[in-house]
Each structure stands twice: as structure tokens, then as C-alpha cells.
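To start, the structure under review is shown below, and the notes come after it.
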Amino acid sequence: MKRTLVCSLFALILLANFSWVDAQVSTTPNYAKVFPQNQLNKITISISKADWDSIKIDMKEKFNTEFGKSSFPRMGPPNGERPNQKDFPPMSQDGKRPEVFPPQRGGDGEMMPPPMGTSDEPRYVACAVEFEGKKWTNIGFRLKGNSSLMSSWGAGVYKMPFRLDFDKYEKSDLYGFHELSMSPAFHDNTLIREKLASDIYRQAGIPTAQTAFYEVYLDYGDGVQYAGVYTMVEVIDDTMISTQFGNSTGNIYKPESTFQRFREKEFEKKNFKKEKKFQDVQSFVRALNDSSRLVSPAQWRSNLEKTFDMKHFIKWLAINTAMTNWDTYGAMAHNFYLYNAPNRGLVWIPWDNNEAISTNNKPNFPIPEGMPEPPKDFRMPNRGLALSLKDCPKQFVLIAYLAQDPTYYGSYLKEVETFRKNTWQATKLNKQVDGYVSLIKQAALREKAPYSHLTNEKSFEEGIQGLQKQILKRASEIDQFLTEKSKSK
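Residues in the sequence shown are numbered consecutively from 4, following the working numbering.
In C-alpha cells form, the structure reads like this:
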């Protein structure tokens, strides 16, 4: 009996002092632990060599490109062509070679296809997650993203966007969070735009996913490597809606639509997937495009607002346009969610903000050899809508119709003014930027290729300087716009 007791006590001591303790399933999301706002967390992701090899096979099938074998993966469906070849771009099915930079299409024209080489998501594999002295095993891991993933994959940069699913293989969670999205700050040398934009939205009254900075360590089967600073982003249909809306009883969609017409395939359901019910978004699209807009605008607005929280959308549009963000509705038909909130209708939720607060200059992506420079009037990428909204492509009907309606446009102008007065205060925002930099600077300067998108130490520092200048510049541009509008009344 005494010997059994001694053995039991010894076992307890071993468990108490063992480096990795298996995690327990939680129920309430612990935001202070997973999304701290005043510290840089650390997380390690480990994948077996066999699973990494299976990812490479899967990605080659999707992109027709091996890891690190293309500096500029081609947009659109893969067909074996490479952008740096002399015959770029490849001929279309009719035997003609398309324009590299086609003019922006308006009216009833369709959007360009998304940059992903395929509509299929990358496959999940099992991984181990180490965080705060605990270890989670058999967790789902998959790469994610469109152009960010394609570019990183083709260039052989291991710092790629990915998602963790703690329920993929067995029921688990990370302190109450079942899914988490990891953003590598692609196309953002500051490494902070994703978080800064999300925080600005919430400060201005727009519900947005929580974010936090992380040092990420990756092991793809050949040993742990430092992968630099990521921004962890709360997943909308996991915890964000239930936490910030107080319920999650309505449909949640992640659309890829301009709203010119309803197509079921353009409205991905994130919950209640077995229920093929789309009446809420169908009613919204029908009301938005109803001909009463031209003959009875008051009735049109009334019917539209029964399906969609237009007041909320106008506030989002004012904030998004004032900040500048080309990679969302108005330039691209993606990067937002819709939640059918009780007694509110469909509510707009922003997503994927790493391109926000851009300079509004001409495109600055790398131009492959043999590919002509884009024309000066080519607006995407890196060009947000003008504050006047006059340059909004016609196919983005939700914004185009709003800009044509004096009542809605007047509300938009008031929201721009409110945002400038209450939130876009350059000194305060740049102090906020300084706070982020103090958290991540040392970790950012430790980033090295091929686990970084930064080319050198100056890239980060110059990126921060450019961002802070842009914040000041944008404040001046907003003031000038509002002054001109005031004079024109």
C-alpha cells in the first residue's frame, strides 16, 4: 500500500513538472490569453515531413507550380504557362492573346476571376500546437489565401497564411477558440496593417474580428524554424459573432458577389450548411436591384432596409474609403461577411485587412520579365475608391446606387466627417502605431529569408515611416474633400 502511494505521488510530481501538458477543452473564449493587446505571444506549429510532402502535392495540383519554382504564379486557372515566358499571357480558348491589363469593366460586366488558381481550398493535415506551456495534438492545419498564398508558394517563402481547426479531427479548442486564422502580413512591410485596421474599425463602432501579434515557429518536418511575426485573427463564424452580437442564430455568409444578381454559389454559408435556405440574401439582392429605386427612391430605401442594415454599411463604407482599402467590395468582390442579425437584417462585417491604409499609388506588385507596365489608369491593386465614390465600378451596385441616392450619399458624407473627427486623428493613430512597433520590432528584425517577406531590416522601418506619413497625408486629404463638399452645398 505504501509503495503504491509513493509511486502515485511520484507520477503526480512528474506530470506537474513535465514541459508539455495536454490541453483541456474549454467552453468560454479566453480573449486575454489568446488575443492579448499588450504583449507578443508565441506559438509553435509542427507538421510531419510526410504531411508537408502531401501539402506540396496538393498545391502543385491546384496551382500547377512547385514550391519555390515560380517568382510570380499566374493568376487564374493553371495551364502550365509561366508569367516570365515570352508568350505571356497565354492565349485564350479562341486563340487570341488577351490584354495583360484589361480596362475596368462596368455596367453588367462580370468581375475578373479571383486570383486563386482553383476554387478548392488547400487540404487539411494534422499538426501539433504548442502554446503557453501546453501542447495540442491532432489539430487541423491548412494553408489559406488567394494571391498572398500563390505568390508566397511560388517564391518559396515559408511564411504563408494558414488556418488552425481544433475540431477537425477530434473535439478540442485553444482556450475556447475552435478555429484561428494566421495572417503573415503579405504585401505589408509594417507587419501591423491587419491589426491596425481591425482595431480602427472597432474604435469607430464596426464589429470586427479580434487580432493579436504572434511570434510563429514552424516545423515542416525538418526542425523548428522562426517564421516571424504573424497576426492571429479571430474567425468570424467561430466566436466573433456570438461574442460581439450576443447571438449567432442567423445565417452567416462569406460572399464573393457584386450583388448585381443572386447566385447561390456566390454566397458561401458558414453555418446551418445543411439548410439550403437563402431567402435573406435573396430578398436583399432583389430589393437592392428593384426598379423602384428610379421612380420611388423612398420606397426603395424602405424595402432595402427591411433586409439589410444600410446605416451600418454606410458607416463601414465611410471608414473603409477614408482609410483606403482596395482589397474589398468596391474593387474586389470578396473579403467581407454578412450576418443576418435578429431585428437588424444582414450586417456587414469586414475581413482580411492587410491591404488597408494603402498609399493609393499605382500598382507596386513585381512586374515579370516581358510583361508591360500597367497603364496609369489601372486602379487595382493598391488603389482604394476616391472619397467622392465617383470612380466606383458600376458592377458594385451597393456602392454605386448609394452614391446616386442623395439621402444615402448625405449620410455617407456625415459618416466620413464623424470618422475624421472622432477616430482618424493622426497624432493619436501614430501613437497607436508606435505602441504596436514597440511590441513587435525586435521580433520583426529577426525575420530572415525564406521565412519572411521582408527583404532587409530597413524594409520594416521604412514601412512604418511610410505608414505614419500616409496617416498624416490621408487626414489632410479627408479635410480637403470635406471642405470642397461643404463649399458645393
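Yeah, the Cβ is synthetic: ideal placement off N, Cα and C, and Gly gets one too.
- In terms of Cβ geometry, residue 481 and residue 405 do not form a close pair [threshold 8 Å].
- Following the DSSP letters along the chain, one finds residue 54 in no beta strand (DSSP E) but inside the alpha helix (DSSP H) bounded by residues 52-66.
- Setting aside the 5 residues that flank it on each side, residue 412 is surrounded in the same chain by 405 and 406, each with a C-beta closer than 7 Å to its C-beta; the list follows chain order.
- Pairing residue 157 with residue 258, the inter-Cα distance amounts to about 27 Å.
- In the structure shown, residue 360 adopts coil according to DSSP, grouped into three states.
- In this structure residue 466 is buried. Its beta-carbon is surrounded by 16 or more other beta-carbon atoms within 10 angstroms.
- Under the DSSP assignment, residue 295 falls in the alpha helix (DSSP H) whose first and last residues are 295-298.
- Judged by DSSP secondary structure, residue 258 falls within the beta strand (DSSP E) whose first and last residues are 255-258.
- An exposed status is given to residue 297, since fewer than 16 other beta-carbon atoms sit within 10 Å of its beta-carbon.
- In the three-state reduction of the DSSP assignment, residue 214 falls in the strand class.
- In terms of Cα proximity to residue 456, the closest of 43, 274 and 231 is 231.
- Fewer than three pairs of CB atoms, one per stretch, sit closer than 8 Å, so the segment 412-421 makes no contact with the segment 285-292.
- Put simply, of 458, 477 and 212 the residue whose alpha carbon is nearest the alpha carbon of residue 390 is 477.
- For residue 409, the uninterrupted alpha helix (DSSP H) segment begins and ends at 409-425.
- Here residue 400 has 262 and 263 as same chain residues with Cβ atoms under 6 Å from its own Cβ, once five neighbours each way along the sequence are excluded.
- If you look at residue 264, you'll find it isn't in any beta strand (DSSP E); DSSP assigns it neither H nor E.
- In this structure, the CA atom of residue 289 is about 35 Å from the CA atom of residue 487.
- By DSSP's assignment, residue 182 forms a beta bridge with 168.
- The secondary-structure analysis by DSSP pairs residue 130 across a beta bridge with 142.
- Spatial neighbours of residue 49 in its own chain (CB-CB distance under 7 Å, excluding positions within 5 residues in sequence) are listed in chain order as 130, 131 and 222.
- In this structure, residue 209 lies near residue 319, with their beta-carbon atoms less than 8 Å apart.
- The closest CA to that of residue 47, considering only 304, 155 and 228, is found on 228.
- The C-beta of residue 60 has fewer than 16 other C-beta atoms within 10 Å across all chains shown, which makes the residue exposed.
- Annotation: the continuous alpha helix (DSSP H) that includes residue 200 extends over 196-206.
- Residue burial is scored here from C-beta neighbours: residue 302 has fewer than 16 other C-beta atoms within 10 angstroms and is therefore classed as exposed.
- In the assembly as shown, residue 53 is an exposed residue. Its beta-carbon has fewer than 16 other beta-carbons within 10 Å.
- Using a Cβ distance threshold of 8 Å, residue 212 and residue 243 count as a contacting pair.
- Under the 10 Å beta carbon count, residue 198 is surrounded by 16 or more other beta carbons and is classified as buried.
- The DSSP-derived three-state label of residue 238 is coil.
- Per the DSSP secondary-structure output, residue 352 pairs in a beta bridge with 340.
- Secondary structure at residue 43: coil, using DSSP grouped into helix, strand and coil.
- Per DSSP, residue 270 lies in no alpha helix (DSSP H); the unbroken beta strand (DSSP E) holding it starts and ends at 270-272.
- Following the DSSP letters along the chain, one finds residue 433 inside the alpha helix (DSSP H) bounded by residues 429-448.
- When DSSP states are grouped into helix, strand and coil, residue 229 belongs to the strand group.
- Its chain contains 223 and 224 as the residues whose beta carbon lies nearer than 7 Å to that of residue 55, once the 5 sequence neighbours on both sides are disregarded; these appear in chain order.
- Assignment of residue 137 by DSSP, reduced to helix, strand and coil, places it in the strand class.
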